[in-house]
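Just so you know, the sequences run in chain order A and B. Quick note: the first sequence, position 123, residue 123 per our numbering, numbers continuous. Quick note: the second sequence, position 66, residue 66 per our numbering, numbers continuous. We treat Cβ as the ideally placed atom computed from N, Cα and C, and that holds for glycine. Computed from a predicted structure; not experimentally measured.
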Amino acid sequence: MVTYIWVFFVIVGSFFTIFTGNVEALNNEILKGGADGLKLLSEMLPLLVLWTGIMQVAEDSKILELFSNLVRPFLCKLFPSLPKNHPALGYIASNICANALGLGSAATPFGLKAMECLQEDNPCKDTATEAMITFLVLNTGGVTIVPTTVIALRLMHGSANPSEIIITSILATLCSNVSGLIYDYFKRRKKHG
Amino acid sequence: MANFLVPIFVLGIILYAFKQKVNIYESFLVGAKDGLVTTFKIAPAVIAMVFATNIFLNSHFLDFVFSYFTPFLEAVGIPNSILPMAMVRPISGTASLAIMSNIFELYGPDSFVGRLASNLQGCTDTTIYVLALYFSSIKVTKTKHALSAGLFADFVGIVAAFIITFLFFG
Numbered sequence: 001m002v003t004y005i006w007v008f009f010v011i012v013g014s015f016f017t018i019f020t021g022n023v024e025a026l027n028n029e030i031l032k033g034g035a036d037g038l039k040l041l042s043e044m045l046p047l048l049v050l051w052t053g054i055m056q057v058a059e060d061s062k063i064l065e066l067f068s069n070l071v072r073p074f075l076c077k078l079f080p081s082l083p084k085n086h087p088a089l090g091y092i093a094s095n096i097c098a099n100a101l102g103l104g105s106a107a108t109p110f111g112l113k114a115m116e117c118l119q120e121d122n123p124c125k126d127t128a129t130e131a132m133i134t135f136l137v138l139n140t141g142g143v144t145i146v147p148t149t150v151i152a153l154r155l156m157h158g159s160a161n162p163s164e165i166i167i168t169s170i171l172a173t174l175c176s177n178v179s180g181l182i183y184d185y186f187k188r189r190k191k192h193g
Numbered sequence: 001m002a003n004f005l006v007p008i009f010v011l012g013i014i015l016y017a018f019k020q021k022v023n024i025y026e027s028f029l030v031g032a033k034d035g036l037v038t039t040f041k042i043a044p045a046v047i048a049m050v051f052a053t054n055i056f057l058n059s060h061f062l063d064f065v066f067s068y069f070t071p072f073l074e075a076v077g078i079p080n081s082i083l084p085m086a087m088v089r090p091i092s093g094t095a096s097l098a099i100m101s102n103i104f105e106l107y108g109p110d111s112f113v114g115r116l117a118s119n120l121q122g123c124t125d126t127t128i129y130v131l132a133l134y135f136s137s138i139k140v141t142k143t144k145h146a147l148s149a150g151l152f153a154d155f156v157g158i159v160a161a162f163i164i165t166f167l168f169f170g
């Protein structure tokens with residue numbers, strides 16, 4: 001799947017750039033494309049290292065367990081395929097919370113860790129499990145309660161009320177998430193017959 | 001208020017761990033090393049995705065596609081920059097932020113379009129990027145209905161953002 005997206009992006013992008021007579025730009029893009037990726041990585045690296053460090057402390061102090069106990073009843077409904085004490089649940093909960101608070105960059109380490117935990121129990125290593133898909137639907141829906149970046153940008157551009165979009169944002173997010181979960185639910189049910 | 005959340009979160013964890021007599025520094029180093037390993041594991045996927053997205057977005061293919069919709073959109077009163085933003089949103093957070101910031105500059109954040117853009121940015125995340133990153137970090141290639149579910153949710157979110165902005169601020 002990722003292969004198709006990647007190939008589609010590269011081919012459509014390249015051909016369109018050539019057709020519009022901008023070969024020079026394409027040339028540039030290909031030669032410097034790697035550097036942009038590296039830049040993103042170098043921005044991610046310290047965050048990932050710091051947050052996985054802090055989360056290890058949280059895990060060892062059992063606070064992660066306490067926290068996931070709180071949201072467990074809710075998460076178990078969403079992830080019926082996971083046992084109640086699955087280690088991934090704590091990371092999933094942390095990921096959702098970080099996302100909800102608009103801390104996208106802090107959410108990524110939790111998300112990656114959750115995927116790693118889910119992969120450990122995956123009988124078929126190259127195929128996504130049901131829990132992985134449900135988690136990604138929740139994650140990509142982006143349950144944002146405080147869209148911090150948007151508010152900061154609005155403030156910067158002189159908005160009279162930068163946070164007035166919070167409620168409308170939450171409503172739109174809810175529509176997106178609920179529909180994603182319903183879609184996922186029916187896909188799963190169809191498979192089980 | 002949001003400024004306090006991260007410090008409280010971090011302090012809370014460290015204080016609690018201290019109370020539980022966890023060897024905090026050792027724990028931190030173990031986790032941090034994990035993070036370093038993860039970063040190296042996802043590095044090829046990140047570089048590959050950024051490379052492809054850059055070629056695609058900088059080709060202005062989306063602008064070209066949407067230029068056909070411009071007359072129709074202008075008739076309804078929607079500036080043509082909003083649709084590319086909606087399309088770019090699932091692909092790249094930075095790119096859609098750049099378009100949003102541009103919209104703020106041109107129309108102001110308190111205009112209808114400005115509010116619409118704000119809601120679009122908030123309503124979903126970068127589905128394609130997240131899927132690619134998370135799945136390639138654990139080397140899963142058969143992703144079943146993950147992409148269709150994610151894009152379906154995005155689509156509903158984008159439509160909802162339009163409708164909700166009309167209802168609240170229209």
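**Beta-carbon contacts of T140(A) that lie in its chain and below 8 Å, excluding the five residues immediately before and after** = One-based indexing of the first sequence puts residue 140(A) at position 140. Hits under 8 Å: G180.
**Span separating the alpha-carbon of F64(B) from that of R89(B)** = Your numbering for residue 64(B) matches position 64 in the second sequence. Your numbering for residue 89(B) matches position 89 in the second sequence. Approximately 17 Å between the Cα atoms of the pair.
**Item:** Interface residues of the region 138 to 155 of chain B facing chain A [CB-CB below 8 Å]
**Value:** I138, K139, V140, T141, K142, T143, K144, H145, A146, L147, S148, A149, G150, F152, A153, D154
**Item:** Exposure of M115(A), with buried meaning 16 or more beta-carbon neighbours within 10 Å
**Value:** Taking the first sequence and counting its residues from 1, the one referred to as residue 115(A) is at position 115. With 16 or more other Cβ atoms within 10 Å, it is buried.
**Request:** Could you list the residues in the region 11 to 27 of chain B with a C-beta less than 7 Å from some C-beta on chain A, going in chain order?
**Result:** I13, I14, Y16, A17, Q20, V22, I24, S27
**Prompt:** Using the beta-carbon of each residue, which ones in chain A are nearer than 9 Å to G108(B)?
**Reply:** On the second sequence, position 108 is the one that residue 108(B) refers to. The answer, in chain order, is H157, G158, S159.
**Item:** Option in H145(B), S27(B), A160(B) with minimal Cα separation from D184(A)
**Value:** Taking the first sequence and counting its residues from 1, one reaches residue 184(A) at position 184. Ranking H145(B), S27(B), A160(B) by Cα distance to D184(A) puts H145(B) first.
**Item:** Residues within the region 61 to 78 of chain B neighbouring chain A, beta-carbon criterion of under 8 Å
**Value:** F61, F64
**Request:** Would you list, in sequence order, the uninterrupted alpha helix (DSSP H) runs of no fewer than 4 residues that lie entirely inside the region 70 to 148 of chain A?
**Result:** Considered as a whole, the region 70 to 148 of chain A harbours 88 to 100, 104 to 120, 130 to 141 as its complete alpha helix (DSSP H) runs of no fewer than 4 residues, in chain order.
**Item:** Listed by chain order, chain A residues near I164(B) by CB distance under 7 Å
**Value:** Position 164 of the second sequence, counted from the start, is the residue given in the question as residue 164(B). By Cβ distance, chain A contributes T168, L171, A172.
**Request:** Within 10 angstroms of the Cβ of A132(B), are there 16 or more other Cβ atoms? Answer buried if so, exposed if not.
**Result:** The count along the second sequence starts at 1 and reaches residue 132(B) at position 132. A132(B) should be labelled buried.
**Asked** What does K142(B) pair with, by DSSP beta-bridge criteria?
**Response** Residue numbering aside, residue 142(B) sits at position 142 when the second sequence is read from its first letter. According to DSSP, which records beta bridges pairwise, K142(B) is partnered with T127(A).
**Message:** Between which residues of its own chain and F168(B) is the CB-CB distance below 6 Å, once the five residues before and five after are set aside?
**Reply:** Residue 168(B) sits at position 168 when you count from the first residue of the second sequence. Result list for F168(B): empty, nothing under 6 Å.
**Item:** Proximal residues of chain B, C-beta to C-beta of S81(A) below 9 Å
**Value:** Translated into positions along the first sequence, residue 81(A) becomes position 81. Within 9 Å of the CB of S81(A), no CB atom of chain B is found; the nearest one sits about 13 Å away.
**Message:** I need the straight-line Cα distance from N27(A) to A43(B), nearest angstrom please.
**Reply:** The residue you call residue 27(A) lines up with position 27 of the first sequence. The residue you call residue 43(B) lines up with position 43 of the second sequence. Spanning the two alpha carbons is a distance of roughly 23 Å.
**Item:** For L75(A), the nearest candidate out of L64(A), L89(A), S159(A), E65(A) (CA to CA)
**Value:** Locating residue 75(A) in the first sequence gives position 75, counting from the first residue. That would be L89(A), whose Cα lies nearest to the Cα of L75(A).
**Item:** Inside the region 59 to 108 of chain B only - alpha helix (DSSP H) runs reaching at least 4 residues
**Value:** 61 to 67, 70 to 76, 82 to 88, 93 to 107
**Asked** Just checking, does the region 13 to 29 of chain B make contact with the region 118 to 133 of chain B on the three C-beta pairs under 8 Å criterion?
**Response** no
**Partner residues on chain A for A43(B), Cβ-Cβ distance less than 7 Å** = Against the second sequence, residue 43(B) aligns to sequence position 43. Chain A residues near A43(B): L41.
**Prompt:** Using the beta-carbon of each residue, which ones in chain A are nearer than 9 Å to F135(B)?
**Reply:** Translated into the one-based positions of the second sequence, residue 135(B) becomes position 135. Correct list: M1, V2, M115, A128, M132, L136.
**Request:** Reducing DSSP to helix, strand and coil, say where S169(A) ends up.
**Result:** Residue 169(A) sits at position 169 when you count from the first residue of the first sequence. Reduced to three states, the DSSP call for S169(A) is helix.
**Asked** Using the beta-carbon of each residue, which ones in chain B are nearer than 9 Å to G21(A)?
**Response** To locate residue 21(A), count along the first sequence from 1; it is residue 21. Under the 9 Å cutoff, chain B gives no residues; its nearest Cβ is about 12 Å from G21(A).
**Item:** Under 8 Å (Cβ pairs) to chain B, residues found in the region 42 to 74 of chain A
**Value:** For the region 42 to 74 of chain A, which is checked against every Cβ of chain B, the residues closer than 8 Å are M44, L45, L48, V49, L50, W51, T52, G53, I54, M55, Q56, V57, A58, E59, D60, S61, K62, I63.
**Asked** At a Cβ cut of 9 Å, what residues of the region 91 to 102 of chain B count as close to chain A, listed as they run along the chain?
**Response** I91, G93, T94, L97, M100, S101
**Prompt:** Within the chosen definition, does the region 47 to 59 of chain B reach the region 27 to 47 of chain A through at least 3 CB pairs nearer than 8 Å?
**Reply:** By the Cβ test, the region 47 to 59 of chain B is in contact with the region 27 to 47 of chain A, since at least three Cβ pairs between them sit closer than 8 Å.
**Item:** Nearest to G157(B) (by Cα), restricted to the options N119(B), M100(B), V140(B)
**Value:** As a first step, residue 157(B) must be located in the second sequence, where it is residue number 157. It is N119(B) whose Cα lies nearest to the Cα of G157(B).
**Message:** Please report whether the beta-carbon of R154(A) lies at a distance below 8 Å from any beta-carbon of chain B.
**Reply:** Mapped onto the first sequence, residue 154(A) falls at position 154. Cβ-Cβ to chain B under 8 Å: yes for R154(A).
**Asked** Expressed to the nearest angstrom, what Euclidean distance is found between the alpha-carbon atoms of E24(A) and S59(B)?
**Response** As a working note, residue 24(A) is residue 24 in the first sequence. As a working note, residue 59(B) is residue 59 in the second sequence. Whole-angstrom Cα-Cα distance: 12 Å.
**Message:** Is the separation between the beta-carbon of F67(A) and that of A93(A) shorter than 8 Å?
**Reply:** By 1-based counting over the first sequence, the position of residue 67(A) is 67. By 1-based counting over the first sequence, the position of residue 93(A) is 93. Contact: yes.
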